[in-house]
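In our numbering, the protein residues as written are 727 to 929.
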Amino acid sequence: MAKRFFAENIIALIILLIAGFALYAVGMAIPYFTDDFQYVFVRPGEQIFRFFWERNPHHLFYRPTLTAVLLAIQAVYGLNTIPVHVVNVLFHVFCSWLVFVVMRRLALSRLAASFGAGYMLIAQVNGLAVLNNDTLSQIFGTLFGYVAIWLLYRALTTSSESRLHSYKLYVLSWSSFLFSLCSKETSVCFLPLCGLTVLIAQF
Numbered sequence: 727m728a729k730r731f732f733a734e735n736i737i738a739l740i741i742l743l744i745a746g747f748a749l750y751a752v753g754m755a756i757p758y759f760t761d762d763f764q765y766v767f768v769r770p771g772e773q774i775f776r777f778f779w780e781r782n783p784h785h786l787f788y789r790p791t792l793t794a795v796l797l798a799i800q801a802v803y804g805l806n807t808i809p810v811h812v813v814n815v816l817f818h819v820f821c822s823w824l825v826f827v828v829m830r831r832l833a834l835s836r837l838a839a840s841f842g843a844g845y846m847l848i849a850q851v852n853g854l855a856v857l858n859n860d861t862l863s864q865i866f867g868t869l870f871g872y873v874a875i876w877l878l879y880r881a882l883t884t885s886s887e888s889r890l891h892s893y894k895l896y897v898l899s900w901s902s903f904l905f906s907l908c909s910k911e912t913s914v915c916f917l918p919l920c921g922l923t924v925l926i927a928q929f
């Protein structure tokens, strides 16, 4: 059973990767424009992790994971935005895949899980985040916020005989939430969702 689900998840990931890159290929070369330049710096390779402890002087909000990824890409590729969009699409695909995996783990049908993942992948509301150059914060915030909720749910529903495993899931859950929060400040909304998850897990 476990091998069948593993193979199913890998096949779903491959399909989503192909579909995701085919869908968003048209926007892979969109250049930096307007407020994207708030994340463009001189000598980016020297300050990749700088904004974890310093505020970006060009931006009001604390988003160090976004800044670090963009500076790392600029250090290697300059202002070529194709690598930025590759990262965007890749993590958006992972977010869609998470929908599939969670739905299957919750015993929903393969068809329902496929529709859920497919909708997440192609929903027009996600287009701006995937096709823009400074919106990886939205993708990271969403993905790791939902990972935090899922890991918390699993930790709460793990059998009492597996306390060590449950503890590891708690640690991973809150680590994921912290990464989500460092990606975008609006990820604080996952705190009440985690509280709701605790209530749901009691039933």
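Beta carbons: idealized from backbone N, C-alpha and C, even for Gly.
Inset, instruction - Could you tell me whether the region 835–850 touches the region 732–751, where touching means 3 or more Cβ pairs closer than 8 Å? - result: Touching, yes.
Legend entry - Check whether P809 and I799 have beta carbons under 7 Å apart: Contact check for P809 against I799 passes: the beta carbons are separated by less than 7 Å.
Inset, instruction - For F731, count neighbouring Cβ atoms within 10 angstroms of its own Cβ and tell me buried if that reaches 16, exposed if not. - result: The C-beta of F731 has fewer than 16 other C-beta atoms within 10 Å across all chains shown, which makes the residue exposed.
Inset, instruction - Below 8 Å on the Cβ atoms is my guess for I848 versus A855; work out the distance and round it to an integer in Å. - result: Going by Cβ atoms, the distance from I848 to A855 rounds to 13 Å, so no, they are not a contact pair.
Inset, instruction - Give the C-beta separation of S899 and A927 to the nearest angstrom, bearing in mind that I take them to be a contact with Cβ-Cβ under 8 Å. - result: With a Cβ gap of about 12 Å, S899 and A927 do not count as contacting.
Legend entry - Reference L749, options R831, N852, L796, closest by Cα: Closest by alpha carbon: N852.
Legend entry - Host alpha helix (DSSP H) of T868 (start-end): Boundaries of the alpha helix (DSSP H) harbouring T868: 862–883, taken from the DSSP string.
Inset, instruction - Determine contact between the region 860–879 and the region 914–922, defined as no fewer than three beta-carbon pairs at a distance below 8 Å. - result: A contact exists between the region 860–879 and the region 914–922.
Legend entry - Residue span of the alpha helix (DSSP H) that contains P757, given as start and end: If you look at P757, you'll find it isn't in any alpha helix (DSSP H); DSSP assigns it neither H nor E.
Inset, instruction - Closer than 8 Å by C-beta to L805: which residues in its own chain qualify, once you throw out the five before and the five after it? Chain order, please. - result: So the list reads P757, Y758, V766, once near-sequence residues are dropped.
Inset, instruction - Rounded to whole angstroms, what's the CA-CA distance from H811 to N859? Just pull it up for me. - result: Straight-line Cα distance between these residues: approximately 7 Å.
Inset, instruction - Go ahead and label L925 buried or exposed: buried means 16 or more other beta carbons lie within 10 angstroms of its beta carbon, across all protein chains shown. - result: Flag for L925 reads exposed.
Legend entry - Helix, strand or coil at N814 [DSSP, three-state]: DSSP, read as helix, strand or coil, puts N814 in helix.
Inset, instruction - Please list, in chain order, all residues of the same chain as D761 whose beta carbon is under 7 Å from its beta carbon, the five residues on each side excluded. - result: Excluding sequence neighbours, D761 sits near D860.
Legend entry - Within 7 Å, strictly: CB atoms of T923 and Y879: Yes, the pair counts as a contact, with Cβ atoms nearer than the cut-off.
Inset, instruction - Check H785 in the structure and name its three-state DSSP category. - result: Note: H785 maps to coil in three-state DSSP.
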